[in-house]
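Down below is the structure, laid out as structure tokens.
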Amino acid sequence: MTDSDLDALAMQFLDSAYADYNKYSEWPLDRRIEGFLLRRGLSVSPKTATHMA
């Protein structure tokens with residue numbers, strides 16, 4: 821994945837319901853990001869997940 825791909829993915833996250841703090845206020849940020857990625861068929865590796873915590 822290129823830097824441009826990551827930038828585009830970040831923008832998609834910011835435009836998604838997962839970035840809406842009112843809708844997902846009970847979810848911590850790492851869980852919202854994981855849900856967003858899983859919804860798109862992507863996953864968070866255990867190594868990446870430890871850096872998010």
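In terms of the numbering used here, the numbers along the sequence shown are unbroken and rise by one, the last being 873.
We treat Cβ as the ideally placed atom computed from N, Cα and C, and that holds for glycine.
Asked: Throw me the rounded Cβ distance for the Phe856 and Tyr838 pair, which I believe falls under 8 Å.; Found: 4 Å
Asked: Given a threshold of 16 other Cβ atoms within 10 Å of its Cβ, counted over all protein chains shown, does Glu854 qualify as buried or as exposed?; Found: buried
Asked: Identify, in the order they occur along the chain, each residue of the same chain with its Cβ nearer than 6 Å to the Cβ of Arg852, setting aside the five sequence neighbours on each side.; Found: Tyr838 and Tyr844
Asked: Out of Thr822, Trp847, Leu829 and Leu834, point me to the one whose CA is closest to Gly861's CA.; Found: Leu829
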